[in-house]
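To start, the structure under review is shown below, and the notes come after it.
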Amino acid sequence: MATNAAPVTSIAARRTVGSYAMPAIAALLVAALVLWLVINFTKGPAYFFTISFIGLTNGAVYALVALGYTLVYGILELINFAHGDVFMLAGLFSASMIDGVFGVTTHSSTGYLVLAIVGSLLVAMVACGLINATIERIAYRPLRSAPRLAPLITAIGMSFVLEDIAIGWKGPGYTAVPDVLPKGNVFSVSGVTYTWEKFIVVLITLPVLLALIWLVQRTRQGKAMRATAQDRDAAAMMGINVNRTISFTFLIAGALAGAGGLVYALYFGQIRYDTGFQLGLIAFTAAVLGGIGNLPGAVLGALSIGFIQAYNEGLNWHAPGSNWTQSIVFSILILILVFRPEGLLGERTPEGG
Amino acid sequence: MHLRVSEGWWAALGAAGMSHERWRALPRTARRAVTTGVWLAILLVLIAFFGVWKTTALALAAVVALLVVPVWTRLPYGKFVVPLAALGLAVAYPYYFGSMPQVPIFGPFPQVSTMVVMMIFTMMALGLNFVVGYAGLLDLGYVAFYAMGAYMAGWFASSQFAHQKLDFGAVGLYEGWSGFHISLWLVLLMAGIATAIVGVLIGLPTLRLRGDYLAIVTLGFGEIMPQIARNGDSLFGTGFNLTNGTNGITPIDGPGFGNWAEQHLHLPANYLNAANFDSLYLWTAIVLVLITVFCSLRLRDSRLGRAWIAIREDETAAAAMGIPLMRTKTWAYATGAFFGGVAGAYYASYKSGAFPDDFFFNISVFILCMVILGGVGNIWGVIFGACFLAYLDREGLANVGAWFSDHLHRQIDVPKYEFGIFGAILVITMLFRPEGLIPSQRRAAEFHEGVHDEPLYDAETAGA
Amino acid sequence: MSKKVSLLAFVGVAAIVAAVVAGYSGVARSATQVTALPSSACGPIVYKGSGKPDFIIASDLPLQGAIRKQTVQISRAMIWALQQKGWKAGHWKIGYQSCDDSTAQAGGWDSAKCATNARLYASNTSVMAVVGTFNSGCAEIEVPILNRSHPGPVAMVSPANTYPGLTKKWAAGEPNKYYPTGRRNYARVVASDDFQGPADAMYTKSLGVTKVYVLNDRQVYGAGVAGTYAAAAKKLGLKVVGTAGWDAKQSSYESLAQHIKSSGAQAVFLGGIACNNGAKLMQDIKSVNPKIHLQMPDGFSDPNANGAVANGAYISVAGQPPQGLKGFGATFVKSFGKSIGATPNPYSAYGAQAMLVALQAVGLHGGDRAAVTRSIFGLRINNGVLGSFTINSSGDTSLTPITIYKQQGKILKPVKTLIPPASLIG
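Residue numbers (the numbering used here), protein chains in the order written: chain G, 4 to 356; chain Y, 2 to 465; chain R, -15 to 410.
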């Protein structure tokens, strides 16, 4: 009918303007960001690559921690505040293992160094996995029918308890890790240097990530995790032991934190009781940026944050500078949560699909 | 386990002649008298042997017994007796606290300056109670409101903007003063309103989010504010000094009633010049707390308060009943922010400075711990939780540490573990008594029966 | 019946309260002549002279946290100074109390504690002077409170505050905002940061450097001294190729170090304190720029906190090196050094000197707080621990040498002592 044609087009016109405003602004911001990066690249390509490698390595460390957050959130919709502190304990633990148990120094042979790293890695992963699963058992599981904020508050409390355990164990100052990673460059091409330290971080992180992918995609437990994350009731009806699966998820997340702690200790050289809180916030931002519950998203988000931090401080042309790094990270967190809560790659939670 | 302890206890008592049925048959006043009497006797014995004895301990015990034992609520206007007595004791505190006995482990009663801080934190906790207790929104960035209030006092009651000169009722101006100096009473109100506006601005985009996302976003704001404060001496590189950066804004004026009032009404002209400034600050703080309690009570029983309770228990049903979700939540946020701002401004005046290092995430959790421990949603519980935890923070933990080193000969630096202790309090409270020590009945029911927001584990899948 | 009960009950409560109040006022006042400061803030009165003390001089220092070792030694140096004077100022007997402006939670000075302490000193008429604070931020809180106190402003003599605005025109409204009554009550025996920055800049220039990068830890002290360094560097003709703040909580400063490298800076000035993750910052800077010169102010004056990475770095500390002290100062180094079994920390000498200044002022006017405070300005100290000098009318000392040290292992070796010319100051 003739009267219907006009209203339809005018309604469509009204919707078009409003709903395109937000994506348009986002596109503009992204374009500005890309332009800024390109200009900085043209001003010094080798330097750009050097900074990028710093960002890549930092991002790899954040990725290990972010994956832990995202695994737990995907299956439980719980932000495990204590996760960053489990990571911190792993770092302190690794520091004592490398220094005390294995007694590695800068003069140790490469073979012994590899043995010490692998040994510490295994011990840290197992220990932190168990710690994380225990925390789940005593602090989160009893709150099954409580309002959702109750385990969140408990997680905050656990976080502080773990921090004080660290203070009691190692004191409030920095615990230094012996500087045992080999110095020198893997390669040095026209001004771009890539040090062994950075390469070792990737060497440790990559197999852990691959093992995680294998675990989640190829094993029965992994399938149970994915099923429980998708739809808890259906998974229970299919005969999956939901409690055991959740415990297993916490175990894996703790193991990832353990690996992250070791890598952090080796690469950054010092840990303190509040390192976990700071890094946890960054890692959580990364997980949210990529899409909470989404494993590749967590890695993508972590790498992005790593790059953003490095570019912010390192680049020369109109970079805000190190004064603003923390504010930028938090602003990203808030903007993503407010405007695109599903993150870059989309959520994978019991609700979000 | 709880049941077995009490069963065993009554079995033993029954053998001694007082069984549980006989006990319940006694008149209520007698039972209360006996229970209170026994606890007070134990406390007096402990003080006599392990604390520092003063005969005023007996007077204190008598006062407590008089307040607790008789069932005052049966009398007309009886429900005001205990609160009024508590108020009287608080107001008279500067006069008698010197003669209080020393309690074992915790040591002497708090100084008047600690009492002022306790009152200020009580106000903040009551403010957070609107958000967490009434509306059930988890706010982890309350420290941002505290900071906003403090900086409002810093901007309008100090010489921060030294290129301007404005005097509007301020007291205690010295020669050669500059900057905005508005009467601190007005500044408190302005701080509250400005913080409420900031609260609304923060709340508008974030209150649509789910509970845990809201928590994280508020945490993010709570971290950004101190960053802005720290970098604020050259805002965005323009050179405009908003917050004086890491130095903070100091000194900040104090409240007062002016010279006319001093001569004719014998009110203090300027608190900072008075000899008993701590007592003056205490009494003003008590008045502020009273105002906050009054607002809490009235709002709780109002339509808005009932809307908050409805949202807390079941958002979908509340929306279906026509409650505007966003507006109601924003009101909760704004009210909480208002009281946080006033408390922040007052504290800044008391400390005579607003420093960015004072505002960090742990304080938000500290205030949250007060609300949770005391009793979520219950005004008296929150007041108790706030006073107790603020006391621990300021003096209590140091005293406990001193007691450990004196009596157990263990050098445990207890204040160092302060936040671990508060974290443990949070965990234990959530696990065993989530409604807090002095609960509101409604909240207790919610925690134990469950509410219709997505629970963490569905009951059906338990152990499936 | 119920009305009678309630009436009885109210009468009972009133009686109890009256008894309590009566009990309070009936408590006999202590027979000692001084009222000690409460133990919640201060240690016990230290007095080893004859009889009982007439007045108290309190020290206000952060006694908890990483700084503890330094400040406890400063407190002991003050006791040493008091002992040297026979626990007397003039003919009055002086007791000492060491008060803490820090909390364990903060790990350093705490603003609320500073305010509370200042109020304690102001309200306790036995306190004649305060020696402290250690941190300038704490002094900014305490000085106005002491300034307003009755019956007269309480004098404060600081051994360690270096923030210029406390005594001179610096930021807007300073220094008058710290002295609301219009009368000064604050003095210090150490040169302020507006001397330290230029001295460092002079030394950097003398190394032959042309490009310098200035960092600060974004706190009161660090930002202040970095600012004065940058201003003086520009006046001396050095090119400041970049300024940045470092965040103590960051894990790695590698990108910042790369930025420093790309700017071509030959020296970097670290305006701040070592406990703000200074060691990691230096490590990252050195790993990317192995040949860069590190120049630091006295916030990095503890080689143990700096670590081995700072070997060869240049650190400035206000005043003469302990080894360079003469006369009574040399006696201090020997005698006090023997009592603690080590070479005294540079600040201990300042602590002792600050106590001597306070004693000299109290010795002139005894129990009159206002007169004691007035007499500090223009006070001439002869053969003190730091030498002979005057406190000028704004409370600053006339001694302004800054010594540049080079870190070698665990010790600082003095390299050069500079007195910055007036053209570089301010």
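Every residue gets a Cβ at the ideal spot worked out from N, C-alpha and C, and that includes glycine.
Keep in mind that this is a model prediction, so the values were computed, not measured.
Item to complete: Pick helix, strand or coil for F51 of chain Y, following the three-state DSSP scheme.
Response: If DSSP states are grouped into helix, strand and coil, F51 of chain Y belongs with the helices.
Fill in: Sequence-distant residues of its chain with Cβ nearer than 7 angstroms to G306 of chain Y (five each side left out)
Answer for G306 of chain Y: Y135, L300, listed in chain order.
Worksheet item: Touching or not, the segment 110 to 125 of chain R and the segment 179 to 192 of chain R, by the rule of three or more beta carbon pairs under 8 angstroms?
Response: Short answer: they don't touch.
Discussion item. In the DSSP output, which residue or residues are listed as bridge partners for W76 of chain R?
Written reply: Partner(s): R:A73.
Worksheet item: Shortest alpha-carbon distance to Y163 of chain R belongs to which of R:S110, R:G136, R:M186, R:L309?
Response: Nearest neighbour of Y163 of chain R by Cα position, chosen from R:S110, R:G136, R:M186, R:L309, turns out to be R:G136.
Discussion item. Judging by CA-CA distance, which residue of R:L45, R:D38, R:C83 is the nearest neighbour of L21 of chain R?
Written reply: With distances taken between Cα atoms, L21 of chain R lies closest to R:C83.
Worksheet item: With a Cβ-Cβ cutoff of 9 angstroms, do E197 of chain Y and A335 of chain Y count as a contact?
Response: First, the amino acid is wrong: residue 197 of chain Y is Ala here, not Glu. Yes, the Cβ-Cβ distance between A197 of chain Y and A335 of chain Y is below 9 angstroms.
Fill in: From Y:F278, Y:P102, Y:G170, Y:Y94, residue whose alpha carbon lies closest to that of K352 of chain Y
When Y:F278, Y:P102, Y:G170, Y:Y94 are compared, the shortest CA-CA separation from K352 of chain Y is found for Y:F278.
Fill in: M124 of chain Y, DSSP secondary structure in three states
The answer is helix: DSSP assigns M124 of chain Y an H, G or I state.
Worksheet item: Taking Cβ positions only, does F271 of chain G come closer than 9 angstroms to chain R?
Response: So, interface residue.
Practice prompt. In the DSSP assignment, find the unbroken beta strand (DSSP E) run with A228 of chain R in it and report its ends.
Written response: Start and end: 223 to 229.
Practice prompt. Report the three-state DSSP secondary structure of T178 of chain G (helix, strand or coil).
Written response: T178 of chain G: strand per DSSP, three-state reduction.
Worksheet item: What are the residues that DSSP puts in a beta bridge with D168 of chain Y?
Response: Paired residue(s): Y:H182.
Worksheet entry | F535 of chain Y to C370 of chain Y span [Cα, whole Å] | Outside the shown range of chain Y (2 to 465) lies residue 535 of chain Y, about which nothing can therefore be said.
Worksheet item: Under the three-state reduction of DSSP, which class applies to P206 of chain Y: helix, strand or coil?
Response: Helix.
Item to complete: For F356 of chain Y, go through chain R and note every residue whose CB falls closer than 8 angstroms to its CB, in chain order.
Response: Simply S95, G121.
Fill in: Neighbourhood of S441 of chain Y by C-beta, 7 angstroms cutoff - its chain only, sequence neighbours within 5 removed
If we look at S441 of chain Y and ignore the five residues flanking it on each side, its Cβ neighbours are G376, G378, N379.
Practice prompt. Please check the pair D38 of chain R and W76 of chain R, which I expect to be a contact at CB under 8 angstroms, by giving their CB distance rounded to whole angstroms.
Written response: About 5 angstroms; that satisfies the 8 angstroms criterion.
Fill in: Against chain Y: residues of the segment 166 to 189 of chain R by CB proximity under 8 angstroms
For the segment 166 to 189 of chain R, which is checked against every Cβ of chain Y, the residues closer than 8 angstroms are G166.
Worksheet item: Could one say the Cβ of T251 of chain Y lies closer than 9 angstroms to chain R's Cβ atoms, at least one of them?
Response: By the rule that beta-carbons nearer than 9 angstroms mark a contact, T251 of chain Y touches chain R.
Worksheet item: Which residues share a DSSP beta bridge with K397 of chain R?
Response: Answer by DSSP bridge pairing, in chain order: R:K390.
Fill in: V69 of chain Y versus Y:V83, Y:A58, Y:L76, Y:L61, residue with shortest Cα-Cα distance
Out of Y:V83, Y:A58, Y:L76, Y:L61, Y:V83 has the C-alpha closest to the C-alpha of V69 of chain Y.
Worksheet item: Within 9 angstroms (strictly less), CB to CB, does L336 of chain G reach chain R?
Response: Judged by the 9 angstroms Cβ criterion, L336 of chain G is not in contact with chain R.
Worksheet item: If you draw a straight line from the C-alpha of M128 of chain G to the C-alpha of T293 of chain Y, how long is it?
Response: Answer to the nearest angstrom: the Cα atoms are 50 angstroms apart.
Practice prompt. Report back the beta-carbon spacing between A387 of chain Y and T219 of chain Y to the nearest angstrom; my notes put them in contact at under 8 angstroms.
Written response: With a contact defined as Cβ atoms closer than 8 angstroms, A387 of chain Y and T219 of chain Y miss out at about 20 angstroms.
Worksheet item: Roughly how many whole angstroms lie between the Cα atoms of G221 of chain R and I403 of chain R?
Response: Rounded to the nearest angstrom, the two C-alpha atoms are 18 angstroms apart.
Worksheet item: So is N290 of chain R buried or exposed if we call it buried at 16+ other beta carbons inside 10 Å?
Response: Buried, since its Cβ has 16 or more Cβ neighbours within 10 Å.
Worksheet item: Rounded to a whole number of angstroms, what is the C-alpha to C-alpha distance between K218 of chain R and L127 of chain Y?
Response: In this structure, the CA atom of K218 of chain R is about 53 angstroms from the CA atom of L127 of chain Y.
Discussion item. Please report the straight-line C-alpha distance between G393 of chain R and I386 of chain R, rounded to a whole angstrom.
Written reply: Between G393 of chain R and I386 of chain R, the C-alpha separation is close to 21 angstroms.
Discussion item. So with CB distances below 8 angstroms, who are the chain R contacts of H164 of chain Y?
Written reply: Within chain R, the residues near H164 of chain Y are A156.
Fill in: Minimum length 3: unbroken beta strand (DSSP E) runs contained in the segment 114 to 158 of chain G
DSSP runs (the beta strand (DSSP E)) wholly in the segment 114 to 158 of chain G: none.
Worksheet item: Is C287 of chain Y near M125 of chain Y, with beta carbons less than 9 angstroms apart?
Response: Rather than Cys, the amino acid found at residue 287 of chain Y in this sequence is Ile. Cβ distance not < 9 angstroms, so I287 of chain Y and M125 of chain Y don't count as in contact.
Worksheet item: Which residue's Cα is closest to the Cα of G62 of chain G: G:G346, G:A313, G:I159?
Response: Nearest option by C-alpha distance: G:A313.
Discussion item. Below 8 angstroms on C-beta distance, what does Y489 of chain Y contact in chain G?
Written reply: The structure shown does not extend to residue 489 of chain Y, since chain Y spans only 2 to 465, so no value can be given for it.
Worksheet item: Is DSSP giving A207 of chain R helix, strand or coil here?
Response: In this structure, DSSP gives A207 of chain R a helical state, which the three-state scheme calls helix.
Worksheet item: Since T252 of chain G contacts I243 of chain G with CB under 8 angstroms, what's their CB separation in whole angstroms?
Response: The Cβ separation is near 12 angstroms, so there is no contact.
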